[in-house]
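Peer 1:
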Amino acid sequence: MSALRQPTERPRAAEPLVEIKGLTKLYPMDTGWLGKKRSWLSALEDVDLTVRRGEILALVGESGSGKSTLARLLIKLIEPTRGEIRYEGENIFALSRAQVRSLRRKVQIVFQDPYSSLNPRHNVGQIVSEGINGLAPGSRRRRTNELLELVGLSPNIIDRYPHEFSGGQRQRICIARALAVNPEFLILDEPVSALDVSVQSKILNLLADLRDELQLTYVLISHDLGVVRHVADRVAVMYLGHMVEVAPKHLLFSNPRHLISSKREKRSRIVLAGEIPTAINIPARCRFATRCFRAIDVCWNEVPRLKEVEREHLVACFNHAPVAEALSS
């Protein structure tokens, strides 16, 4: 496996590119006898988050924590129940159709599975050039060749089809397709989890190089803390639709304040007992209280909000002493 290179660090005071405020997504569900009772499944609730221009922000959490829902909202595939996402100051859910088309040229997504995200009936040239408009055929082909070279592929593959390539090569094609419209912001949805370990670091190094070369901003969704540790600038931890901790990666890994953040580490000594609550009709209390050995009375009666406990380190917890102190006491 190739060595992972540390990406270039960004200034912490970089201006916000994306500002998420009070973002909530509830899904109605018919429950009870003959489905006559209306309940609500909470995929996201009151999420606040800022993505700084030029950074790699990692989004981590257990399955069902809301990561994919947040990604779909970021690219406006779905509408929120309430709240807003501001991209360069504009609420994306208040944009006109023409403005949404413009937004989608700035914001692109690279999906987890390169096998299912490429049309098997299209050749590489057709796939990569899908978003290239307004160019003559010759110029369009030259631009496609440039994009392939940018992601480490030979232009000679332009007439070949997805089934002819390995997983790593297919993911490079997906990245080239995303870059075709000259985006500013990429959402990377588990971009290496479907790949062999032997090629994961190569794709991560490519993404880090592209960030530096093209001045891109990334939100990286990942369950692999090894990936996050090497690539991210900051880390945001989610649990059952809530944002529970946000910090620069060195603080999150060296001094986590929320138990679920520490539990994500493979070497963690924390054992979480208790019931995992359902996301349907969640009461107004801490969603983690049923599994937390240091829960206090207020945890069962109020919802904790993100607050800064040290510089740039935010945590949503009423009992937010460093986890290491809790384990040693």
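Residue 772 is where the sequence shown starts when you use the numbering used here, and the numbers rise one by one after that. Ideal Cβ positions, reconstructed from N, Cα and C, are used throughout, including at glycine. Computed from a predicted model, the values in this text were never measured in an experiment.
Go to K847, then tell me how far its alpha helix (DSSP H) extends in each direction, as first and last residue.
Peer 2: Numbered from 1 along the sequence shown, position 76 holds the residue referred to as residue 847. Run containing K847: none; DSSP gives neither H nor E here.
Peer 1: With a cut-off of 8 angstroms, do at least 3 Cβ pairs link the segment 895-908 to the segment 969-986?
Peer 2: no
Peer 1: Can at least three beta-carbon pairs, one atom from the segment 889-903 and one from the segment 820-840, be found at a separation below 8 angstroms?
Peer 2: no
Peer 1: Is DSSP giving E963 helix, strand or coil here?
Peer 2: To locate residue 963, count along the sequence shown from 1; it is residue 192. Checking the sequence, you will find Val at residue 963 rather than Glu. Looking at V963 - three-state DSSP - the assignment turns out to be coil, as it is neither helix nor strand.
Peer 1: T852: which of N927, A1007, K792, I992 sits nearest, CA to CA?
Peer 2: Within the sequence shown, residue 852 is the residue found at index 81, counting from 1. Nearest option by C-alpha distance: K792.
Peer 1: Where does R1082 sit, in a helix, a strand or coil, going by DSSP?
Peer 2: In the sequence shown, counting from the first residue as 1, residue 1082 sits at position 311. DSSP places R1082 in coil when its eight states are reduced to three.
Peer 1: Are L889 and I944 closer than 9 angstroms when you measure CB to CB?
Peer 2: Counting from one through the sequence shown, the residue named residue 889 turns up at place 118. Counting from one through the sequence shown, the residue named residue 944 turns up at place 173. Contact: yes.
Peer 1: Under the rule that 16 or more other beta-carbon atoms within 10 Å means buried, what is D960, buried or exposed?
Peer 2: Working through the sequence shown from its first residue, we reach residue 960 at position 189. Classification for D960: buried.
Peer 1: How is the beta strand (DSSP E) around Q883 delimited, first residue to last?
Peer 2: Position 112 of the sequence shown, counted from the first residue, corresponds to residue 883. Where Q883 is concerned, there is no enclosing beta strand (DSSP E), given that its DSSP letter is neither H nor E.
Peer 1: According to DSSP, what are the bridge partners of R1000?
Peer 2: Along the sequence shown, one-based indexing puts residue 1000 at 229. Paired residue(s): none; R1000 is not in a bridge.
Peer 1: Pull up the CB-CB distance for K1020 and D995, whole angstroms please, since I reckon it's below 8 angstroms.
Peer 2: Numbered from 1 along the sequence shown, position 249 holds the residue referred to as residue 1020. Numbered from 1 along the sequence shown, position 224 holds the residue referred to as residue 995. With a Cβ gap of about 13 angstroms, K1020 and D995 do not count as contacting.
Peer 1: Can the beta-carbon of L919 be found closer than 9 angstroms to that of I929?
Peer 2: Residue numbering aside, residue 919 sits at position 148 when the sequence shown is read from its first letter. Residue numbering aside, residue 929 sits at position 158 when the sequence shown is read from its first letter. Contact flag set, yes.
Peer 1: Which residues bound the beta strand (DSSP E) around S810?
Peer 2: Position 39 of the sequence shown holds residue 810. Residues 808-823.
Peer 1: What do you get for G860, buried or exposed, if any count of 16 or more other CB atoms within 10 angstroms of its CB means buried?
Peer 2: Sequence index remark: in the sequence shown, residue 860 carries index 89 (1-based). Exposed, by the Cβ-count rule.
Peer 1: Counting pairs of Cβ atoms below 8 angstroms between the segment 869-879 and the segment 945-954, do you hit three or more?
Peer 2: By the Cβ rule, the segment 869-879 counts as touching the segment 945-954, because three or more pairs are nearer than 8 angstroms.
Peer 1: Counting only runs that start and end within the segment 863-938, where is the alpha helix (DSSP H) found for 4 or more residues in a row?
Peer 2: 868-877, 895-899, 908-921, all fully within the segment 863-938.
Peer 1: Between the segment 1054-1071 and the segment 1007-1017, do three or more beta carbon pairs fall short of 8 angstroms?
Peer 2: In the pairwise beta carbon analysis, the segment 1054-1071 is classified as touching the segment 1007-1017: at least three pairs are separated by under 8 angstroms.
Peer 1: For L977, which residues in the same chain have their Cβ closer than 8 angstroms to its Cβ, ignoring the five residues on either side in sequence?
Peer 2: As a first step, residue 977 must be located in the sequence shown, where it is residue number 206. So the list reads V922, G923, R943, I946, once near-sequence residues are dropped.
Peer 1: Taking S813 and A1050 to be in contact with their CB atoms under 8 angstroms, please state how far apart those CB atoms are, rounded to whole angstroms.
Peer 2: Here residue 813 refers to the residue found at position 42 of the sequence shown. Here residue 1050 refers to the residue found at position 279 of the sequence shown. That belief holds up - the Cβ atoms of S813 and A1050 are roughly 5 angstroms apart, short of 8 angstroms.
Peer 1: What residue from Q971, E790, L957, A1066 has the CA that sits closest to H1001's CA?
Peer 2: One-based indexing of the sequence shown puts residue 1001 at position 230. Ranking the options by Cα distance to H1001, first place goes to Q971.
Peer 1: Per DSSP, which one or two residues make a beta bridge with I958?
Peer 2: Against the sequence shown, residue 958 aligns to sequence position 187. According to DSSP, residue pairing for I958 in a beta bridge involves I880, V990.
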